[in-house]
Amino acid sequence: MGSQARGGDDMTATQALVELDDVSKFYGSIKALEHVSLEVHAGEITCVLGDNGAGKSTLIKIVAGLHRHDAGTFLIDGEETTLANPRDALDRGIATVYQDLAVVPLMPVWRNFFLGSEPTKGAGPFRRLDVPLMRETTRAALLRMGIDLRDVDQPIGTLSGGERQCVAIARAVHFGAKVLVLDEPTAALGVKQSGVVLKYVAAARDAGLGVVLITHNPHHAYLVGDRFVLLKRGTMSGSHTRDSITLDELTRQMAGGSELEELSHELGKTNRSED
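In terms of the numbering used here, the sequence shown has 195 at position 197, counting the first letter as 1, and numbering is strictly consecutive.
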């Protein structure tokens, strides 16, 4: 992995924020992940690509503290660790934004922004939510990421899917995440909304976070990615830095490459035999 990052610096010069080294995960006799390695560095986006059943969800759950790995090494800031639960991951600076965002649609944007971390004012029976602080903090945090919502009082359910993803990214940055794990953030979005989300994914990287972008879309990955890990049926089928692979080659590897060539050959023979 000794290549050049976007800015030209040696990508291996800094200590990885998160590193999985030869990690495996089993569910009974089923091998969900086997011998998978990846690195997440500050100011970089590591893209994990694979089709359904490739092992992406299992990898997310390990990094997010939902599941423990069964073999290999999991390191945070160079220290070998095993996360006990998602709160442990958050305390270590790892925030995960899932595809099905955990929001309350009828609550305003600012209320969802602070959900579970609400500031209060007053004491004893006079303690109450500090609504003005939450409103202003939410507005300022979104603006710092370049997100200019019309009104933070509007129900978050009225925002587009892309806007909700952007709010979730800004929330993670505001609450001090060092590593941001994004689960298929553009999967259900159109071209324009996907572009907006990718813009803020890049903004999180530029703010110094290490980002893990889970996706099945090589074009989206290549737009923002610095490192690429390809999974297939729970194993690594490729690991590349940006300057070591082209979009065409990444797409080919993601699509199956030689398998597609074999299928094309078989279909060609079938079509010729029917003529």
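Don't be surprised by glycine CBs; every beta carbon is placed ideally from N, CA and C.
Alpha-carbon to alpha-carbon, residue j and residue i
i: Pro84; j: Ala62; result: 6 Å
i: Phe72; j: Leu265; result: 44 Å
i: Gln192; j: Thr94; result: Note that residue 192 corresponds to Ser in the displayed sequence, not to Gln. Spanning the two alpha carbons is a distance of roughly 18 Å.
i: Met132; j: Pro106; result: 11 Å
i: Ser235; j: Leu81; result: 26 Å
i: Asp19; j: Glu78; result: 10 Å
i: Ser55; j: Arg125; result: 41 Å
i: Met(-1); j: Val150; result: With a pLDDT of 40 at Met(-1), under the threshold of 50, the predicted position of this residue should be treated as unreliable, though the coordinate-derived value follows. Roughly 43 Å separates the two Cα atoms.
i: Pro130; j: Gly120; result: 14 Å
i: Gly155; j: Leu104; result: 6 Å
i: Gln152; j: Arg109; result: 10 Å
i: Asp241; j: Leu157; result: 37 Å
i: Ile60; j: Gly232; result: 13 Å
i: Arg66; j: Tyr25; result: 11 Å
i: Leu64; j: Asp86; result: 10 Å
i: Pro123; j: Val179; result: 39 Å
i: Asn50; j: His33; result: 19 Å
i: Pro183; j: Ser27; result: 31 Å
i: Lys23; j: Ala52; result: 13 Å
i: Ser237; j: Thr249; result: 13 Å
Closest Cα partner of residue i within the set the options
i: Gly208; options: Ala219, His214 and Asp224; result: Asp224
i: Ile167; options: Thr233, Pro216, Gln251 and Leu140; result: Leu140
i: Arg90; options: Gly174, Arg162 and Ile243; result: Gly174
i: Leu31; options: Asp241, Asp246, Leu248 and Leu229; result: Leu229
i: Val210; options: Ala253, Arg66, Thr44 and Arg137; result: Thr44
i: Gly76; options: Lys197, Thr12, Val101 and Ala253; result: Thr12
i: Leu187; options: Met143, Val21 and Gln97; result: Gln97
i: Val101; options: Leu147, Thr184 and Arg169; result: Arg169
i: Gly114; options: Arg137, Ala138 and Leu88; result: Leu88
i: Met278; options: Ala185, Glu116 and Ala200; result: Residue 278 lies beyond the residue range present for the chain, which begins at -1 and ends at 273; the question has no answer from this structure.
Short CB-CB distance (under 8 Å) between residue i and chain D
i: Thr156; result: Of the protein chains in this structure there is only one, and it is not chain D.
CB contact flag (residue i, residue j, <8 Å)
i: Ala202; j: Val227; result: no
i: Val165; j: Phe112; result: no
i: Leu245; j: His217; result: yes
i: Ala14; j: His39; result: yes
i: Lys214; j: Leu36; result: The sequence given here has His at residue 214, not Lys. In this structure, Leu36 does not lie closer than 8 Å to His214 by Cβ.
i: Val189; j: Gly160; result: no
i: Ile145; j: Asp181; result: no
i: Gly254; j: Gly41; result: no
i: Ile92; j: Val177; result: yes
Nearest-angstrom Cβ-Cβ length linking residue i and residue j, presumed shorter than 8 Å
i: Ile58; j: Val16; result: Their Cβ separation, rounded to whole angstroms, is 12 Å, which puts Ile58 and Val16 out of contact at 8 Å.
i: Arg162; j: Leu99; result: 5 Å
i: Leu127; j: Thr118; result: 6 Å
Contact test: residue i Cβ vs the ligand GTP heavy atom, cutoff 7 Å
i: Val107; result: The model depicted lacks the ligand GTP and carries no ligand whatsoever.
- Query: Which ranges would you report for the alpha helix (DSSP H) in the stretch 208 to 245 if only whole runs of at least 4 residues count?
  - Reply: 216 to 222
- Go through the stretch 153 to 214 residue by residue and report every complete run of the beta strand (DSSP E) that reaches 3 residues or more, in order. 177 to 181 and 208 to 213
- Query: What runs of the alpha helix (DSSP H), each 4 residues or longer, lie entirely inside the stretch 57 to 108?
  - Reply: 84 to 89
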